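**Q** Residue numbers (our numbering), protein chains in the order written: chain A, 1043 to 1480; chain B, 1043 to 1480.
We put the beta carbon where it would ideally sit given N, CA and C, even for glycine.
Treat the numbers as computed from the prediction; the structure is a model and nothing was measured.
2 protein chains.
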Amino acid sequence: MGVKVVKFGGSSLADAIQIEKTKNIIEKDPDRKYVVVSAPGKRFSEDNKITDLLYLCKTHIEHNLDYRQIFQGIKDRFTAVKANLKIDVDLDKHFKEIEENLSNGASEDYIASRGEFLNAIVISSYLGYDFVDSADLIVFDERGNLKKEVTNQNLREELKKHDRVVLPGFYGANESGDIITFSRGGSDVTGALVAKAIDADMYENWTDVSGLLMADPRIVDNPKPMKNVSYKELRELSYMGAKVLHEDAIFPAREADIPINIRNTNRPDDDGTFITSGENLDSENSIVKGIAGCKGFTSISIYQSMLSGQKGFIRKVSEILEDFDIPLEHIPNGIDTVSVIIDNKYLEGRLDDVLDMFDKRLSADTIDVDDDLALIATVGLGMARRPGTAAALFSALYEENINIKMIDQGSSELNIIVGVATADLEKAINAIYKAFVN
Amino acid sequence: MGVKVVKFGGSSLADAIQIEKTKNIIEKDPDRKYVVVSAPGKRFSEDNKITDLLYLCKTHIEHNLDYRQIFQGIKDRFTAVKANLKIDVDLDKHFKEIEENLSNGASEDYIASRGEFLNAIVISSYLGYDFVDSADLIVFDERGNLKKEVTNQNLREELKKHDRVVLPGFYGANESGDIITFSRGGSDVTGALVAKAIDADMYENWTDVSGLLMADPRIVDNPKPMKNVSYKELRELSYMGAKVLHEDAIFPAREADIPINIRNTNRPDDDGTFITSGENLDSENSIVKGIAGCKGFTSISIYQSMLSGQKGFIRKVSEILEDFDIPLEHIPNGIDTVSVIIDNKYLEGRLDDVLDMFDKRLSADTIDVDDDLALIATVGLGMARRPGTAAALFSALYEENINIKMIDQGSSELNIIVGVATADLEKAINAIYKAFVN
């Protein structure tokens, strides 16, 4: 028997019907002892998230506008949930306290966090689980950075006192007791911190999709979810812009080597995606785990005859970029050419300065600039070492008549990175997806 | 009307029959005014090159052995050529002078150069061209380095006094008048220097093959010659081990933008290979100009989570290699991995030291070493930008079930570099050759 931390996102907790589903899910597996909840999300596409409404209250207060109508809407949603779930909990007490704090100039972080707080109160009551406030356990320093060690110890000590617990996600408090929210990753981080602290066997992250998708659904029509993916693979995909769990949300679980299972509250029988530290090559699954692409790169190619064999040239190139505080994405090189691939966001308005410096400090014959570059990462552990992967990838691009501007695949790589023209990005991702998935 | 410098290699001048062929070639085109000659080469496969015999004379003298029998063989070859060509030239005078110098401890360079000297005497007489001794024009400094400016000026001034000239290749002299031979590139360098000095329209380099071959004939059966190739393409191929003209022999012509035409004395109607500065994409020719491969590389892959976006990591890696005085061939990188590809010859006995230093100065999670790496360069200007090249290349490797360890293609590249296991090198080159040539 193991222990599972289950985190439910906003859409899984948007109303009583959704919360009933989560109860069924939790009760189906006695290991699901630690529940982390988000604030209620949208019930339908035009609906508002509770957290957005809370931020709106704060804005009204700042502009001396009446926020009470909006806050009434928030109260009404929680009250309706309470009524529908037939639970006995004194929400009015909490509403009153929050309104008092709002009037007394409570911080934005405090206000934003109340959706999770109230939802955790409601759901703990509905499940018959203990409510534990994250504000008492998750600790930030005065600069707003998480104090990992103290947090881990607090969570561990408190949670072992309870058999079954609901915690609000998204926030903690500093040492003065002021509420602080996570700047990135939200309730996912809370779940991962809890999983690490109690040394969980699994961190289940329940959402409204049946796992992480192999490609961006705005680009590929109805992409398949990944069955399993390693932290490393996920990192490569997320770096290239794939919408997955935020790094901050993965790291605590990764450090403790706890598998993450992304599940769909609306389709609880789907296996979802397992995120683990190891390589998972099940035969069912394609060797390519996912495809992600990013626009907005510039390639600067420096040609100098007799460059190869010169020691220190690549060092000089990278030093110059470091002086500009520009990270170097890739540095493919031929015999007498070195290209540097740079994310445009670091280059804005400075391209000419960078080129001037290359000109000054490198005795280049020619320097070419290509600012119409998009990169595509095709990711899968071991994929690159399997004969045929590259052939399938480049044949797929060829069939779509897509010009390849750059290729980068390292020796121990789980990733083939291809550069194409910006206009070709979506066509290229679709071509690669089709080549490996169908 | 233009001016051509024609250089003939040893096999083109091995005996009277060969020299007759060169005369026909020269007389067929009145532009062929400047002739640079090598020493007589082998007439048949077990034969000796004159230059080798001359070196052997020197070795005999150093060991106090009688060299006269060997020198007699050299004299006999020249005398036979003279008789067969029916020319009137006093070779005995030169033989006598050389023997005197030999007895008086002449330098190795002096002795080695006499094959070219005597051959130029013979051929100038046969053609009715002026003989000009390179020793009076090509100048080396006291450390044996070519003095380019003085040489260029000397050649220019002297040669404009003559309508048609034969010069011996391979040597010049220092300012004290001592003969100095080129350490690399031999008579090819002389031809290129002459071509540059007189601003020739073409530098014809006559050999025993109908041009530069698209692949190593020891690996690919009967490879086709290239029709044309640019200096840049040639440089990429030669760096990867293709046997082509030596850099030193190309540079003077390249500097002056003089095309080089590699021709076959035994098949003078073949067009041979044109080496030019520009891109030559004729429709007859494959977009791939050549394929060259090299064994003996090691890949060191450094993995560190959250490496991407770190500034200075590539700089640190290249600094460490620079400290070891190791040039960096390639540095493919993924999101959290940087691989460095190093030529084994720089690594000998020091791999552990390098790894220790990586360990100490980079906070890597893991470092993997793969010392079974061969690199293949598939070269052609513009090739990399043409859709389908990569597809054809990787499909060819896939059909042979060859595992791809690394890929490197830069943004303005004329070269796709692929890493394979050492044992796969020859199979891979053949597969790529077949994919592009047939």
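(1) With a cut-off of 8 angstroms on the beta carbons, I'd call A:F1120 and A:V1164 a contact; round off their distance for me.
(2) Could you check whether the Cβ of B:M1448 sits closer than 8 angstroms to any Cβ belonging to chain A?
(3) May I have a chain-ordered list of the alpha helix (DSSP H) segments no shorter than 4 residues that lie completely inside the segment 1153 to 1220 of chain B?
(4) Could you work out which residue in A:V1380, A:Y1345, A:A1154 and A:A1334 is closest to A:K1469 when comparing CA atoms only?
(5) If you reduce the DSSP assignment to three classes, tell me which class B:M995 lands in.
(6) Is it true that the CB of A:T1318 sits closer than 8 angstroms to the CB of A:S1272?
(7) What residues in the segment 1295 to 1307 of chain B bring their beta carbon closer than 7 angstroms to a beta carbon of chain A?
(8) Mind pulling the beta strand (DSSP E) runs of 3 or more residues that sit fully within the segment 1068 to 1094 of chain B?
(9) Does DSSP put A:D1385 in a helix, in a strand, or in coil?
(10) Within 10 Å of its beta-carbon, does A:T1464 have 16 or more other beta-carbons around it, so buried, or fewer, so exposed?
(11) Going by DSSP in three states, A:Q1352 sits in which element: helix, strand or coil?
(12) Taking C-beta pairs closer than 7 angstroms, name the residues in chain B that A:G1452 reaches, listed in chain order.
(13) Work out the CA separation of A:P1294 and A:E1199 for me, nearest whole Å.
(14) How would you call A:G1376, buried or exposed, if buried means at least 16 neighbouring beta carbons within 10 angstroms?
(15) If you measure from the beta carbon of B:S1347 to each beta carbon in chain A, is any gap under 8 angstroms?
(16) By the 10 Å Cβ neighbour count, where 16 or more other Cβ atoms means buried, how is A:E1326 classified, buried or exposed?
(17) For B:A1234, report the span of its alpha helix (DSSP H) as first-last.
(18) For B:D1205 versus B:K1065, is the C-beta spacing smaller than 8 angstroms?
(19) Please confirm if A:N1161 has its CB atom under 8 angstroms from at least one CB of chain B.
(20) For chain B, check one thing: does any of its Cβ atoms lie closer than 8 angstroms to the Cβ of A:S1229?
(21) What three-state label does DSSP hand A:T1101 in the structure shown?
(22) So with Cβ pairs under 8 angstroms, would you call A:L1276 a contact of chain B?
(23) Which residues in the same chain as B:D1466 place their Cβ atom closer than 6 angstroms to its Cβ, once the five residues preceding and following it in sequence are excluded?
(24) First and last residue of the beta strand (DSSP E) that includes B:F1050?
(25) How is B:S1325 classed by DSSP in three states: helix, strand or coil?
(26) Based on DSSP bridge pairs, tell me the residues matched to B:R1305.
(27) Closer than 7 angstroms by beta-carbon distance: list the chain A residues that pair up with B:F1436, in chain order.
(28) Going by DSSP, which residues form a beta bridge with A:I1421?
(29) Nearest to A:T1307 by alpha carbon, out of A:K1046, A:G1044 and A:Q1060?
(30) Under 8 angstroms between C-beta atoms, does A:S1155 make it to chain B?
(31) Ignoring anything shorter than 3 residues or poking outside the segment 1254 to 1309 of chain A, list the beta strand (DSSP E) runs there in chain order.
(32) Do you know how far the Cα of B:E1141 is from the Cα of B:Y1109?
(33) Please work out which residues of its chain come closer than 7 angstroms, Cβ to Cβ, to A:M1399, disregarding the five sequence neighbours upstream and downstream, and give them in chain order.
(34) How should B:L1482 be labelled, buried or exposed, when 16 other C-beta atoms within 10 angstroms of its C-beta is the threshold for buried?
(35) What residue range is occupied by the uninterrupted beta strand (DSSP E) comprising B:D1450?
**A** Short version:
(1) 6 angstroms
(2) yes
(3) 1190 to 1201
(4) A:A1334
(5) For residue 995 of chain B there is no data in the structure shown, the boundaries of chain B being 1043 and 1480.
(6) yes
(7) none
(8) 1074 to 1079
(9) strand
(10) exposed
(11) The three-state reading of DSSP puts A:Q1352 in coil, since its state is none of H, G, I, E or B.
(12) S1343, P1374, N1375, G1376, T1379, S1381 and M1448
(13) 17 angstroms
(14) So A:G1376 ends up on the buried side.
(15) yes
(16) Reliability of the predicted coordinates at A:E1326 is poor, the pLDDT of 46 falling under 50, and no value is obtained from them.
(17) Segment G1228 to A1239, the alpha helix (DSSP H) holding B:A1234.
(18) no
(19) no
(20) no
(21) helix
(22) no
(23) I1444
(24) K1046 to F1050
(25) Caution is warranted here: a pLDDT of 42 is assigned to B:S1325, below 50, making its placement in the model unreliable, and no coordinate value can be reported.
(26) B:W1248
(27) A1432, A1433 and F1436
(28) One point to set straight first is that residue 1421 of chain A is Val, not Ile, in the sequence displayed. DSSP lists A:G1332 and A:N1457 as the bridge partner or partners of A:V1421.
(29) The shortest C-alpha separation from A:T1307 is found at A:Q1060.
(30) By this cut-off, A:S1155 is not an interface position.
(31) 1270 to 1272 and 1302 to 1306
(32) 10 angstroms
(33) Excluding sequence neighbours, A:M1399 sits near I1362.
(34) Residue 1482 of chain B cannot be examined here, being either before or after the span of chain B that is shown, 1043 to 1480.
(35) Residues M1448 to Q1451.
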